[in-house]
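Residue numbers (my numbering): 55 to 922.
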């Protein structure tokens, strides 16, 4: 159902609907929350779209009209939860509030109440989220020289900013942080079509078109200088493209929130830092590092969880820094009692980053500020426990606590001393501050409390004066203060009582004395609320003034919390700290998969692995499906990631030379949105690995070549393995079902065969999940298919076909006049014509040849070779 509002239609001609249509035009495609009393109302197509997402009833205005306007409403006081549902579904929402003169209510306004859009929220630009470890980035892509682009990311809630160097279109497509973008600003038609198509295919991603002059060239530097409060911009913004990209994002957030600056924003960091392990484009997906994070995460704070996740996504590769990290985690693990004490203190600390974000955006409420005060107070309880540590990173944390304490401890004391612990989540009703917070507020509170005593005394006096024992002095929001007398006692009402309201069973009256009291007490209440709102604004300004110290403290807490989480791993049975040096070794003893072992509650078969140069740095693994090849390969990569964030690893002993990069190609995936088949995706990822792997790389390749014909796939798999082994000197784990490749052990030094052990008893398989030297005797594919539940007739037919194919292969081999050095024993190889080879080779420009081109040429030559 689609509904279009027609401004000329009768149902849209009322002053209210005219105002809605005007504001809707200003909302720039956002769903409009239109404030009406205690509700936000949605009209027209907004109501049609939002009602099913929000789970509210879709109704309509003027039901008797020819074309009634769809309508839905949500309570104002619980709007945040409804708003979040729309943001999570990928929608943009504008908030139109009633603008009232000070001291007046909507009921006192004659005619239409003025309304104005005061905020705009999007899937990325939001501050009311619960504590989260996942970023929700606002992003844009800005053209850079030589047909390249700069990708900029901003997380408004936490203040994180990331900016890339120049990227080609393919590099943008392979950037894993695209998955964390929730809102993309498109302002240039020069964005590559394939990038835009990939973004459009992403679920719940809002793509919004912005005019290219949204930020002019002359606006960029002044806008950034004002944000960072200095003339010299952060070094990352020295070039025009990064500066312009960030300026676009910054102006968008400032305009949607009605702010001039956002003090909580951090200085931009590179998208990928040079001292970090380079991780292949899809490696985190292949390894399911989200599951690893959930398995090891024992942090007490959201800041710590976010820091731990970011470390896992980009581990260290600088050896001195890694050794410092290991020392910090070792120290914490060596004193479990102190670590538990630190964890208990940290559990009292709220998400400082998000609270500071809400303060900066003007969205913080009294409970936010009280949570900040209690968090700051708790944080400085850590000074004692961490003073005993000596590692450089822990000393730096202790120094940060000491330096920030000079600013933040007085702020925490001010908050906790003046605010009520049970303060409301809004400022409109007062009740925020304790007595003693301000002399003027104390006087107003005294007046209010005296008023309560006055009402009790007045009720007692009037009962005695009238002789009416049931007389009551009461108050409600509609009629104010009144004296209530039942019908049976109306004959005893004094002459000076003035009638206020007749009701069933009695009447309500007022006196001049009660009227004077009402005017005084209501004035005091109004002044109290106004003063408390001012005091709260003063407090917010004090918090913003301390934002730099707060950000420094937040970072220190995040590190300490994450290190403590890693230290807890050391207490797990069979976990140990790896010895990491500058050699080219890679040895694991008793290694296990951290996630699978946790799921199996310890019942996991450990394995030893050795990829040291003297043993052979390339292992070629064969064995049946379900035999444990992929699990073993993944566990090696996950152990590497854990070790290089400074954590213990699930192995009785581990040692390796530090890695600078990790590349994997595991599992079958397609990219339909990019027009790529499963095999094409595999080849693109393989090409990236062949271009980038070096001696400090760890490479995991699983079933390369399976997405095409047997001969093509086998050719690509062998050529890729030979190229990688010869040209990169990387440490490589290569799993395959092409048993013909096992002959490479005899042909190329440094390549070793290994297989996953399986016990075959009369066709009944038992997987042992152990790796052993040598090649597998067979693939056991049909047995695995039978275990999976294929119909018996299909299994029987499979055996018959296999025997027939094996028989044909044997006959072909017997007819071959002489032994051939070929992978394909069933296909005799004939000498190609010399002219054919010469023509092909002469057509190749070696200087322009990429490894993937070589693989394709090799495949074509082989195919033509067989036909001739």
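Ideal Cβ placement from N, Cα and C applies to all residues, glycine included.
All values derive from a computational prediction rather than experimental measurement.
CB of residue i within 9 Å of CB of residue j, strictly
| i | j | result |
| --- | --- | --- |
| residue 94 | residue 57 | no |
| residue 617 | residue 749 | no |
| residue 600 | residue 465 | yes |
| residue 825 | residue 810 | yes |
| residue 194 | residue 146 | no |
| residue 204 | residue 219 | yes |
| residue 260 | residue 236 | yes |
| residue 174 | residue 153 | no |
| residue 300 | residue 278 | yes |
| residue 596 | residue 645 | no |
| residue 672 | residue 775 | yes |
| residue 536 | residue 554 | yes |
| residue 166 | residue 70 | yes |
| residue 134 | residue 182 | yes |
| residue 123 | residue 98 | yes |
Residue i versus the options, residue with shortest Cα-Cα distance
| i | options | result |
| --- | --- | --- |
| residue 209 | 222, 164 and 308 | 308 |
| residue 482 | 473, 590, 571 and 434 | 590 |
| residue 214 | 572, 324, 374 and 168 | 324 |
| residue 794 | 526, 807 and 135 | 807 |
| residue 368 | 804, 259, 801 and 694 | 694 |
| residue 474 | 521, 328, 494 and 424 | 424 |
| residue 476 | 428, 297, 443 and 351 | 428 |
| residue 542 | 549, 534, 767 and 558 | 558 |
| residue 912 | 852, 849, 765 and 842 | 765 |
| residue 770 | 738, 229, 63 and 801 | 738 |
| residue 467 | 852, 432 and 848 | 432 |
| residue 626 | 702, 796, 119 and 122 | 702 |
| residue 546 | 525, 564 and 531 | 525 |
| residue 640 | 405, 709, 575 and 696 | 709 |
| residue 142 | 745, 507 and 258 | 258 |
Burial state of residue i, where buried means 16 or more other Cβ atoms lie within 10 Å
| i | result |
| --- | --- |
| residue 759 | buried |
| residue 670 | buried |
| residue 729 | Residue placement at residue 729 cannot be trusted, given a pLDDT of 45 that sits under 50; the coordinates are not used to answer. |
| residue 648 | buried |
| residue 689 | buried |
| residue 814 | exposed |
| residue 713 | buried |
| residue 544 | exposed |
| residue 791 | buried |
| residue 189 | buried |
| residue 328 | exposed |
| residue 306 | buried |
| residue 387 | buried |
Own chain partners of residue i with C-beta closer than 6 Å, once the 5 adjacent residues on each side are dropped
| i | result |
| --- | --- |
| residue 700 | 379, 380 and 383 |
| residue 78 | 86 |
| residue 612 | 357, 358 and 361 |
| residue 445 | 381, 382 and 385 |
| residue 443 | 385 |
| residue 254 | none |
| residue 773 | 909 and 912 |
| residue 500 | none |
| residue 726 | With a pLDDT of 40 at residue 726, under the threshold of 50, the modelled position of that residue is not reliable, and the figure given next carries that caveat. Excluding sequence neighbours, residue 726 sits near nothing in its chain. |
| residue 582 | 484 and 498 |
Own chain partners of residue i with C-beta closer than 8 Å, once the 5 adjacent residues on each side are dropped
| i | result |
| --- | --- |
| residue 747 | 715, 717, 753, 778, 782 and 784 |
| residue 958 | Here the chain has residues from 55 to 922 only, and residue 958 is not among them. |
| residue 479 | 419, 420 and 421 |
| residue 376 | 370, 634, 698, 700 and 712 |
Same chain only: Cβ atoms within 7 Å of residue i, ignoring 5 sequence neighbours per side
| i | result |
| --- | --- |
| residue 317 | 414, 598 and 601 |
| residue 128 | 93, 94, 108, 110 and 136 |
| residue 840 | 849 |
Residue-level contact to chain D via CB, residue i, 9 Å cutoff
| i | result |
| --- | --- |
| residue 424 | Protein chain content of the structure displayed is limited to a single chain, and chain D is not contained in it. |
Can you list the alpha helix (DSSP H) stretches of 4 or more residues lying completely in the region 759-839, in chain order? 764-781 and 798-801
Jot down the residue ranges of each uninterrupted beta strand (DSSP E) in the region 518-577, minimum 3 residues, whole runs only, in chain order. 526-530, 534-540, 552-557 and 560-564
Curious, which full-length beta strand (DSSP E) runs of at least 3 residues does the region 590-637 contain? 633-635
Counting only runs of 3+ residues fully inside the region 215-253, write out the beta strand (DSSP E) ranges in chain order. 235-240
Return the chain-ordered ranges of every alpha helix (DSSP H) run that is complete within the region 163-220 and spans a minimum of 4 residues. none
Any chance you could list the alpha helix (DSSP H) runs of at least 4 consecutive residues sitting entirely within the region 309-345, in chain order? 337-341
What alpha helix (DSSP H) runs, 4 residues minimum, are completely inside the region 679-754? 683-697 and 732-746
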